[in-house]
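The structure under discussion appears below in the form of structure tokens.
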Amino acid sequence: MRSATTTCISEAAREVLGVSRGYPGRHKGNWWWNEEAEGEVEAKKVAYVKLVESKDTKNKMMNREL
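Structure below.
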């Protein structure tokens, strides 16, 4: 009974959600991100570098808000 239920659920999930090949190791965990998300991450990285490099307290506060 349990194996029949498990098989039925697995098949239904596979039909609805599909199966990802994944290719572990090649994509380093961000293979599912779209270009918008990648742009946001890059913007945050740039803002962080500016925050770390800034000496002035006012500039740090402005960079922290990003």
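Using our numbering, the final residue of the sequence shown is 88, and nothing's skipped along the way.
All C-beta atoms in this analysis are idealised placements derived from N, C-alpha and C, irrespective of residue type, glycine included.
Report back the beta-carbon spacing between residue i and residue j to the nearest angstrom; my notes put them in contact at under 8 Å.
{"i": "residue 82", "j": "residue 76", "result": "5 Å"}
On a Cα-Cα basis, can you pick out the residue from the options that is closest to residue i?
{"i": "residue 72", "options": "86, 41, 43, 36", "result": "86"}
Go ahead and pull the three-state DSSP assignment for residue i.
{"i": "residue 36", "result": "helix"}
{"i": "residue 81", "result": "helix"}
{"i": "residue 41", "result": "coil"}
{"i": "residue 76", "result": "coil"}
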